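Visitor: I'd like to ask some things about the structure below.
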């Protein structure tokens, strides 16, 4: 089968289309014909070696998988050949860890495309218990935008941030794949949402996703804008997708006793802030990484109900995986990118 493979960590160009052996489904496994594979910033970090360099190479990325069942292994029930499916974007691989909640805290937790080969290929195998019949009715290229960004946004906003109806929420970088989904999750929970964007096209996207206030961080102080928006209180919850120099402003934007959820580090992994800004106002700085399969299922229910929609920027053939990663690295994406393994 064809797959986008990398044999060394490095820039986007290390991704090459190649022929690799087609996997076979073992006990409790399902073979999936990949109809579309989402590309997200996590893939970019893995390829760079920013997550780990302890991966057996060559490796196939891709945590976002939309496809159809091609074959079921022994002891698999409840799934039929030809059925449209999605793969949960993260799960424990050791049965002894199945009781741990959220699953992302399990020692054996991994994602397709990280601890095992992922969806940048024409076929992928996955544990049947974490293969979900696709309830969305969406075309594969739209469904493939959902798994990672939907599940992790639900985890960050609903479970870690504990956003509730009537809350004021700030989402940093609201036109990114994660930011756009976090806006929608917060709105589905009944919150009011402010977000930061840097150009008109991204402003239009954030507005279409339901943002109530849009802030250009190049033109105005974000914390001051949030304080004015909230009558001087500050945001109940801030979702910080950026890290780096942005995190201090996220802390300053939160109310006394409010929560800042650290979700990413696109602006840098090292941060500087005055700890007194947490201490005196009793703000809470929380980390959110990956998700539980239950987060994904809740998010899919919101998609079915029409409260959350996929945001597809563009579709590329699998052969253009390196170009997709370049676009991600250069922040040239509004929403999500998808690869088609069967495209010419």
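Numbering (my numbering), first residue to last: -4 to 339.
Every residue gets a Cβ at the ideal spot worked out from N, C-alpha and C, and that includes glycine.
Computed from a predicted model, the values in this text were never measured in an experiment.
Rounding to the nearest angstrom, what Cα-Cα distance links residue 153 and residue 85 in this structure?
Guide: For residue 153 and residue 85, the distance between alpha carbons rounds to 18 Å.
Visitor: Where does residue 118 land, buried or exposed, given buried means 16+ other C-beta within 10 angstroms?
Guide: Buried: at least 16 other Cβ atoms inside 10 Å.
Visitor: Which class does residue 144 belong to by DSSP, given the choice of helix, strand or coil?
Guide: Residue 144 falls in the helix class under three-state DSSP.
Visitor: How far does the beta strand (DSSP E) with residue 312 in it reach, from first residue to last?
Guide: Residues 307 to 312.
Visitor: Contact check, residue 158 vs residue 58 under 8 Å by CB: the rounded distance?
Guide: 24 Å between Cβ atoms; not a contact.
Visitor: Report yes if the CB atom of residue 103 is closer than 8 Å to the CB atom of residue 89, and no otherwise.
Guide: Result yes, Cβ atoms of residue 103 and residue 89 sit closer than 8 Å.
Visitor: To test your reading of the DSSP string, which unbroken alpha helix (DSSP H) runs of 4 or more residues are found completely within the segment 25 to 104?
Guide: Counting only runs of 4 or more, we get 36 to 43.
Visitor: Only counting the same chain, and skipping five residues up and downstream in sequence, which positions put a Cβ closer than 7 Å to that of residue 133?
Guide: Contacts found: 305.
Visitor: If you measure between the beta carbons of residue 3 and residue 55, is that distance less than 8 Å?
Guide: Not in contact: residue 3 and residue 55 (Cβ atoms no closer than 8 Å).
Visitor: Ignore the nearest five residues each way along the sequence and tell me which others in residue 257's own chain have a CB closer than 6 Å to its CB.
Guide: Answer for residue 257: 235, 282, listed in chain order.
Visitor: Counting along the chain, where does the alpha helix (DSSP H) carrying residue 135 start and finish?
Guide: Residue 135 -> alpha helix (DSSP H) spans 135 to 138.
Visitor: If you check the beta carbons only, do residue 44 and residue 64 fall under 8 Å apart?
Guide: No, these two residues do not count as a Cβ contact at 8 Å.
Visitor: Going by DSSP, name the residue or residues bridged to residue 263.
Guide: DSSP lists 238 as partners of residue 263.
Visitor: In the DSSP assignment, the beta strand (DSSP E) including residue 279 goes from what residue to what residue?
Guide: Where residue 279 is concerned, the enclosing beta strand (DSSP E) stretches over 279 to 282.
Visitor: Going by C-alpha distance, which of 228, 122, 240, 225 is nearest residue 212?
Guide: Among 228, 122, 240, 225, the Cα nearest to that of residue 212 is on 240.
Visitor: Could you please give the first and the last residue of the uninterrupted alpha helix (DSSP H) stretch that includes residue 181?
Guide: Per DSSP, residue 181 belongs to the alpha helix (DSSP H) from 172 to 183.
Visitor: Quick one: is residue 194 buried, meaning 16 or more other Cβ sit within 10 Å of its Cβ, or exposed?
Guide: Exposed, since its Cβ has fewer than 16 Cβ neighbours within 10 Å.
Visitor: Suppose you measure from the CA of residue 72 to the CA of residue 332; what does that come to, to the nearest Å?
Guide: Approximately 32 Å between the Cα atoms of the pair.
Visitor: Smallest Cα separation from residue 128: which of 300, 335, 292?
Guide: If we check each option's Cα against that of residue 128, 292 comes out closest.
Visitor: Once you ignore the five residues that flank residue 40 on each side, which residues in its own chain have a CB closer than 7 Å to its CB?
Guide: Hits under 7 Å: 46.
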